[in-house]
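S.K.:
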Amino acid sequence: MLRSKTTWLLIGKRLGIALITLVIVSFAVFFATELLPGDVAEILLGQAATPEAVAGLRKAMGLDEPALMRFLGWLGGLLTGDLGTSYVNKMEIAELLSGRLANSLRLAGIVTVICVPVALSLGIAAAMWRGTLLDRVVSMLTISVISVPEFMVATLAVLIFAVWLDWLPALSYGVNVDSLGAMLRAYAMPVITLSFVVSAQMIRMTRAAVIETINTPYVEMALLKGASRWRMVLVHALPNALGPIANAVALSLSYLVGGVIIVETVFNYPGVAKLMVDAVSTRDLPLIQSCAMIFCVSYLSLTTLADMIAILSNPRLRH
Amino acid sequence: MTGTSLVSVRDLKIGAVTDAGRKVEIIRGVSFDIAPGEILALIGESGSGKTTIALSLMGHARSGCSIDGGNIRVGDHDVTGMSEARRAGLRGTEVSYVPQSAAAAFNPSKRIMDQVIEITAIHKLMPRKQAEARARDLFRALALPDPDGIGQRYPHQVSGGQLQRLSAAMALIGDPKLVIFDEPTTALDVTTQIEVLRAFRSVMEKTGMAGVYVSHDLAVVAQIADRIVVLKDGEIQEVGTTEQIIHSPHHPYTRELLAAFEPVPHVPVGGRDVPEDRAVLEVSGLCAGYGATINGEPKAKVLKNVNFRLERGRNLGVIGESGSGKSTLARAIAGILPAYRGSVHLGGQKLEPALHARSKEDLRRAQIVFQLADTALNPAHSIGTIIGRPLSFYHGLRGAKRDARVAELLDMVRLPATLRHRLPAELSGGQKQRVNLARALAAEPELILCDEITSALDTVVAAAILDLLKELQGELGLSYMFISHDLSTVEAICDDVLVMYKGEVVEALPATRMSSEATHPYSRLLISSVPQLDTGWLAGLEQDPELVAAFAQR
Amino acid sequence: MTVSSRSTRFLRLPTPRNLGYSFNWAGRIGLAVMLFWAVVAIAGQWLAPYPPGEIVGWDYFGGMSREFWMGTDYLGRDILSRILMGARYTVGIALGAVTLAVAIGVVLGMIAAVLGGWFDTLLSRLLDAFNGIPSLLFGLVVVAAVGSSIPVLILTLTAIYMPGSYRFARALAVNINTMDFVTVARARGEGTAYLITREIFPNILGPVLADLGLRFVFIVLVLSGLSFLGLGVQPPNADWGALVRENIEGLSLGAPAVVFPSIAIASLTISVNMFIDNLPTRIRDRSD
């Protein structure tokens, strides 16, 4: 479909804003972690922290340079893929991250594949039969899931599937995925938990988006032409709700970012979030920075994507 | 009668649930019949229940409303007794609907043709090819331009007047026995309204379908309806043929409605002890617009070099259609939208273009009153607070003195003083507009800019507001600049009239000579387009098609 | 007939229903649970059957009994007492943070809407950038950086939720700002302070209060999440999230020590959501 110049202008503007936001965010992440109390060199040297040794290490690590220079150097490193080395185990951060990132992305991918179809059909169905028993049950469930912390959904899942039913292990210690069964068992709990959290958001937003289009005069007009409820929703409301729905999907997926932090911790899942929480407890500065940036970038991409879909689907900017 | 009628409605009762959860009856036992091929008009003011009744003929009640009693029969079908699925089978084939705002009733993401022939697809009436051919015939019958190509466009690519006619094509495609027109021309400009009305009339005559025409405008209804039902508060006041209702109404309410139509010749108040040479408002070379400014000129220029002069104690009317710039003129004079060129003199004194550069005294002397009293009054403030604020702001009145003045002002606009403890939401539309006026009067201005202040009101209420304006002028020696799209309103209150078209003043004449002496083609078109209370007016109206093509924004 | 007419006369008290507002049963339950936790947060100290920090039972992860209604925790402390005390931390910190966040956000939002221009553009851009950081992550980084204490928690949570409140209030205020009554006040010559306090604020109050409730829920969730990760309220004190963390080992035993703090969180957040969802539309969307 052809789109007007204004549409592309708005898209470009939105991308520009995302880029500026990213710079501000990286700035915030870098300087927040710089606030860590205690001198890094002293912490690293521990017992051997003589003044000379500290000074030497500071120079070697470039800590004596002004903060802004270090920020720019760090940013340059990020762009070229050089994430620095971990303070704690002296490993390349890129190396530490690569396997973990794959794990986290796999988890997110599986959750997305499960959530999107389920949440969309439930959201649309609830909107279509608004006020019926189905709608009320779905609304009640989603509001309950949204109202409780992610870790509670996780503990509840453990209680039901591991403690009472004894179907699944409570923790996914180490993913040795030798067999399909083992893999399924390892992923089941984190996936179930995250799916609940993300679909609840998605169902609510989808339902709201569809209801908004159902309440328009042109859908009432379809009713007055003798259209059935199916035709009203599928032919008239849904095509106009596609943009808002896609927007809702992208936005809900950004809840993955917060959810994954809790879920990986609860189930001891070896992903980026677990790595980051561990890094926070060991105060491994470069690792925290890199992990935080990964989360911020994925969160920002999803929210930007949501906004761009909203722009592209605006019927007034079409043709 | 019942045996031969197409539609019969007996003792219809419709209830609604209010926000507070209370149940109220909005239609209270209405009965009428429609003969085959007859066009029946439902006339009434807002809240009379005319649209609710019309929708109930399709078995439809808007959310919160329900048909609680009585009986509706259309053809052989008992609409009130049937299931929702059977009603759906009726819609589009037996009864169809032309909405008030076609712009909102067309799905923005689908081509016009698909929507026009949708009824034939829903009810499996005919193959698509045949349906499209029939739609093109209807486009032709409705005098739409480019009948073969217009169906391929999207709704936002055609004008409002065209969409309204397209929605009629959509209603007629299924060959219904009854078509419901729900205020189909209310949102249109007068010059556009004519063409749409003509199209509706000729197509209804040709097809011989019966119709229900819902409107608040007697003059419009007189052109198209055979019989008229006058409604008020969900009850029928009077039923009669169009000729009888217009020429010999029985019911006092019908007479009231008609009286509001009578042109009241305006008697100028001016002259008294005011020196003749002093203009209260003098505007010269005024230019204003919106958008980013480049080289001191805004991107979208609305007002182009407007000049006029308003004598003290006299009234100036400004008429024009949507987009003519008449409201922008009021905003530029009030300083809400700073003019980028030209000057405004108030009582001989030059006003700064921008609001913040003007002195409190300058601001006090010219007050603006807006069209919608609903949005012009802060819903969180009591009436007393609303009227009291200019008193303390401009005149420094406090406490008991202020309260006394508020009561005085309420009395001036003929409202009881007890009203001052109420909130705007508790008042009727006419009362709100009076409060709106009282607030302007509180400043003790020399000039009041009235921006379409009667347009959103029912005719009877609007006539009362005009009377009030005249009385106040006599008492206080005010001058009004009166902006309206309606020529008869302006003629009722103004000494001089400006006609605006696309940001320019194309005609300036004394109001009494406007109809007879206007020379500019656009003024002539505008004047001839105002519907008259005469059943033969539309049929006898002749307009120069070239003129129409040049000026009407269809 | 006489009975009904008499009872209506007696019922003309200024109850919410008579003022035109009515709450349905879900809203009433929500309100009751909210009020219950508010009382507990204030008076929990005196309601607790045992000192919350003291080991009173012999058994760790003890079950429900007449002595310990909600069992004992991993050290043998009384869970009921700890939950009653935890209410003070959870409700108190969240209330403090939400009040600060909404107050700052609403004031800035209204100023931006009325002034417009570069002030609005700059502030909006800056705060939008702030919204580009996932909330739990921001808390994680800050608490890792400056350590955890109650003032730090309150300020961090305020910083996380203020931009959202700003955005919401600004959007509402922009709508009101275009209304004719504001234009009339402007044309009268009124200053910015008057426009904000008298013309705009009363008309966005309803939706802002509803938003405050929703934001309160979010803050409770993030606070619990932080405490669950061990970055929130520090031992020996504990909010409800920290109680879940302390006793997570008991999960595989199905111990009440994990279940009851979770139920406490859920009851608070669900009741607030239920109350707001069932507010009469007249209060919730009065600005529309």
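Protein chains in written order, with my numbering: chain A, 1 to 319; chain B, 1001 to 1554; chain C, 2001 to 2288. We put the CB at the ideal spot given by N, CA and C, even for glycine.
Looking at chain C, is there any beta carbon in it that lies within less than 8 angstroms of the beta carbon of B:Arg1554?
M.R.: The residue given as residue 1554 of chain B occupies position 554 in the second sequence. In this prediction, B:Arg1554 has a pLDDT of 48, which is less than 50 and means its spatial position is unreliable; what the coordinates show is noted afterwards. False, the Cβ-Cβ gap to chain C never drops below 8 angstroms.
S.K.: Alpha carbon to alpha carbon, how far is B:Tyr1290 from B:His1060? Give it in angstroms, no decimals.
M.R.: Sequence index remark: in the second sequence, residue 1060 of chain B carries index 60 (1-based). Sequence index remark: in the second sequence, residue 1290 of chain B carries index 290 (1-based). Between B:His1060 and B:Tyr1290, the C-alpha separation is close to 43 angstroms.
S.K.: Measuring alpha carbon to alpha carbon, tell me which of A:Ala119, A:Arg70, A:Thr6 ends up nearest A:Thr206.
M.R.: If you number the first sequence from 1, residue 206 of chain A lands on position 206. Among A:Ala119, A:Arg70, A:Thr6, the Cα nearest to that of A:Thr206 belongs to A:Ala119.
S.K.: Report back the beta-carbon spacing between A:Val210 and A:Ala246 to the nearest angstrom; my notes put them in contact at under 8 angstroms.
M.R.: Here the question's residue 210 of chain A lines up with position 210 in the first sequence. Here the question's residue 246 of chain A lines up with position 246 in the first sequence. Not really, about 13 angstroms apart at Cβ, beyond 8 angstroms.
S.K.: So, B:Ile1448 versus B:Ala1456, is the Cβ gap smaller than 8 angstroms?
M.R.: By 1-based counting over the second sequence, the position of residue 1448 of chain B is 448. By 1-based counting over the second sequence, the position of residue 1456 of chain B is 456. No, they are not a contact pair.
S.K.: Going along chain C in order, which residues have a C-beta closer than 8 angstroms to the C-beta of B:Ile1336?
M.R.: Position 336 of the second sequence, counting from 1, holds the residue named residue 1336 of chain B. By Cβ distance, chain C contributes Thr2183, Arg2186, Ala2187.
S.K.: If the cut is a Cβ gap below 7 angstroms, which residues of chain C does A:Ile24 touch?
M.R.: Counting from one through the first sequence, the residue named residue 24 of chain A turns up at place 24. Simply Ala2129.
S.K.: Report, in whole angstroms, the separation of the C-beta atoms of B:Leu1178 and B:Ile1043, which I expect to be a contact under 8 angstroms.
M.R.: For this step, residue 1178 of chain B is matched to residue 178 along the second sequence. For this step, residue 1043 of chain B is matched to residue 43 along the second sequence. No, B:Leu1178 and B:Ile1043 are not in contact; Cβ-Cβ is about 18 angstroms, not under 8 angstroms.
S.K.: Residues in its own chain within less than 7 angstroms of B:Leu1409 by CB, not counting five upstream and five downstream?
M.R.: Counted from its first residue, the second sequence places residue 1409 of chain B at position 409. For B:Leu1409, where only same-chain residues beyond five positions count, the Cβ hits under 7 angstroms are Ile1387, Ala1438, Leu1441, Ala1442.
S.K.: Does DSSP put B:Ala1143 in a helix, a strand or coil?
M.R.: Within the second sequence, numbered from 1, the residue matching residue 1143 of chain B stands at position 143. In this structure, B:Ala1143 counts as coil in the three-state DSSP scheme.
S.K.: Give, in chain order, every residue of the region 208-229 of chain A whose Cβ lies closer than 8 angstroms to some Cβ of chain C.
M.R.: Those would be none; no residue qualifies.
S.K.: Going along chain B, which residues have a C-beta under 8 angstroms from A:Arg231?
M.R.: By 1-based counting over the first sequence, the position of residue 231 of chain A is 231. Under the 8 angstroms cutoff, chain B gives Ile1122.
S.K.: Pick from B:Leu1469, B:Phe1482, B:Ala1141, B:Lys1124: whose alpha carbon is nearest that of B:Lys1326?
M.R.: By 1-based counting over the second sequence, the position of residue 1326 of chain B is 326. Per the Cα distances, B:Phe1482.
S.K.: From the beta carbon of B:Thr1207, is the nearest beta carbon of chain C less than 8 angstroms away?
M.R.: The sequence position of residue 1207 of chain B within the second sequence is 207, counting from 1. Chain C contact via Cβ: absent.
S.K.: Using CA atoms only, rank isn't needed, just tell me which of C:Trp2025, C:Arg2245, C:Val2208 is closest to A:Pro149.
M.R.: Mapped onto the first sequence, residue 149 of chain A falls at position 149. Comparing Cα-Cα distances from A:Pro149 to each of C:Trp2025, C:Arg2245, C:Val2208, the minimum goes to C:Arg2245.
S.K.: Do you know whose CA, among B:Lys1206, B:Asn1305, B:Gly1174, B:Ala1168, lies nearest B:Val1196's CA?
M.R.: In the second sequence, counting from the first residue as 1, residue 1196 of chain B sits at position 196. Per the Cα distances, B:Ala1168.
S.K.: In the DSSP assignment, what residue or residues form a beta bridge with B:Glu1282?
M.R.: In the second sequence, counting from the first residue as 1, residue 1282 of chain B sits at position 282. B:Arg1309, B:His1345.
S.K.: Just the C-alpha distance for B:Val1406 and B:Ala1417, rounded to the nearest angstrom, thanks.
M.R.: For the purposes of this step, residue 1406 of chain B is taken as residue 406 along the second sequence, with counting starting at 1. For the purposes of this step, residue 1417 of chain B is taken as residue 417 along the second sequence, with counting starting at 1. B:Val1406 and B:Ala1417: Cα-Cα distance of roughly 8 angstroms.
S.K.: Rounded to whole angstroms, how far is the Cβ of B:Ala1105 from the Cβ of A:Met221, which I believe are closer than 8 angstroms?
M.R.: Residue numbering aside, residue 1105 of chain B sits at position 105 when the second sequence is read from its first letter. Residue numbering aside, residue 221 of chain A sits at position 221 when the first sequence is read from its first letter. That pair is a contact at about 4 angstroms.
S.K.: Any beta carbon from chain A within less than 8 angstroms of B:Ala1088's own beta carbon?
M.R.: Within the second sequence, numbered from 1, the residue matching residue 1088 of chain B stands at position 88. Cβ-Cβ to chain A under 8 angstroms: yes for B:Ala1088.
S.K.: DSSP state of B:Cys1494, grouped into three classes?
M.R.: Position 494 of the second sequence, counted from the first residue, corresponds to residue 1494 of chain B. Reduced to three states, the DSSP call for B:Cys1494 is coil.
S.K.: Residues of chain C with a CB under 7 angstroms from the CB of A:Ile309: which are they?
M.R.: Position 309 of the first sequence, counted from the start, is the residue given in the question as residue 309 of chain A. None at all; the shortest Cβ gap to chain C is about 17 angstroms.
S.K.: Count the other C-beta atoms from every protein chain shown that fall within 10 angstroms of the C-beta of A:Trp74, then say buried if there are 16 or more, exposed otherwise.
M.R.: Residue mapping note: residue 74 of chain A aligns to position 74 of the first sequence, counting from 1. The residue in question, A:Trp74, is buried, as its Cβ has 16 or more Cβ neighbours within 10 Å.
S.K.: Hey, could you find the ends of the alpha helix (DSSP H) B:Leu1427 is sitting in?
M.R.: Within the second sequence, numbered from 1, the residue matching residue 1427 of chain B stands at position 427. It is not in any alpha helix (DSSP H) - B:Leu1427 carries neither H nor E in the DSSP assignment.
S.K.: Going by other Cβ atoms of all chains shown within 10 Å of its Cβ, with 16 needed for buried, is A:Ala55 buried or exposed?
M.R.: The sequence position of residue 55 of chain A within the first sequence is 55, counting from 1. By the neighbour-count rule (16 or more Cβ atoms within 10 Å), A:Ala55 is not buried but exposed.
S.K.: Which word fits B:Lys1206, buried or exposed, when buried means at least 16 other C-beta atoms lie within 10 angstroms of its C-beta?
M.R.: The count along the second sequence starts at 1 and reaches residue 1206 of chain B at position 206. It counts as exposed.
S.K.: Which residues in chain B sit within 9 angstroms of A:Pro239, going by Cβ to Cβ distance?
M.R.: Sequence index remark: in the first sequence, residue 239 of chain A carries index 239 (1-based). Within 9 angstroms Cβ-Cβ: Asn1107, Ser1109, Lys1110.
S.K.: Please state whether DSSP places B:Asn1071 in a helix, a strand or coil.
M.R.: On the second sequence, position 71 is the one that residue 1071 of chain B refers to. Strand at B:Asn1071.
S.K.: Any idea if A:Lys274 is buried or exposed, counting beta-carbon neighbours within 10 angstroms, 16 or more meaning buried?
M.R.: One-based indexing of the first sequence puts residue 274 of chain A at position 274. Looking at its Cβ environment, which holds 16 or more other Cβ atoms inside 10 Å, A:Lys274 is buried.
S.K.: Rounded to the nearest angstrom, what separates B:Glu1025 and B:Asp1486 at their Cα positions?
M.R.: Looking up residue 1025 of chain B in the second sequence gives position 25. Looking up residue 1486 of chain B in the second sequence gives position 486. Approximately 34 angstroms between the Cα atoms of the pair.
S.K.: Mind checking A:Met140: buried by the 16 CB within 10 Å criterion, or exposed?
M.R.: As a working mapping, residue 140 of chain A is identified with position 140 in the first sequence. A:Met140 is exposed by the Cβ-count criterion.
S.K.: Consult DSSP for A:Tyr269 and reduce its assignment to one of helix, strand or coil.
M.R.: Taking the first residue of the first sequence as 1, we reach residue 269 of chain A at position 269. The answer is coil: DSSP assigns A:Tyr269 none of H, G, I, E or B.
S.K.: Does the Cβ-Cβ distance between B:Pro1531 and B:Ala1187 come in under 8 angstroms?
M.R.: As a position in the second sequence, residue 1531 of chain B is number 531, starting the count at 1. As a position in the second sequence, residue 1187 of chain B is number 187, starting the count at 1. Cβ atoms of B:Pro1531 and B:Ala1187: not closer than 8 angstroms.
S.K.: Run through the DSSP bridge pairs and tell me what B:Tyr1290 is partnered with.
M.R.: Numbered from 1 along the second sequence, position 290 holds the residue referred to as residue 1290 of chain B. In DSSP, B:Tyr1290 forms a bridge with B:Ala1300.
S.K.: Taking all protein chains shown into account, do 16 or more other C-beta atoms lie within 10 angstroms of the C-beta of C:Met2070, making it buried, or fewer, making it exposed?
M.R.: Here residue 2070 of chain C corresponds to residue number 70 of the third sequence, with the count starting at 1. By the 10 Å Cβ count, C:Met2070 comes out buried.
S.K.: My guess is that C:Leu2279 and C:Gly2027 are in contact by the Cβ rule of under 8 angstroms, so how many angstroms apart are they, rounded?
M.R.: Here the question's residue 2279 of chain C lines up with position 279 in the third sequence. Here the question's residue 2027 of chain C lines up with position 27 in the third sequence. Contact holds; Cβ gap of about 7 angstroms.
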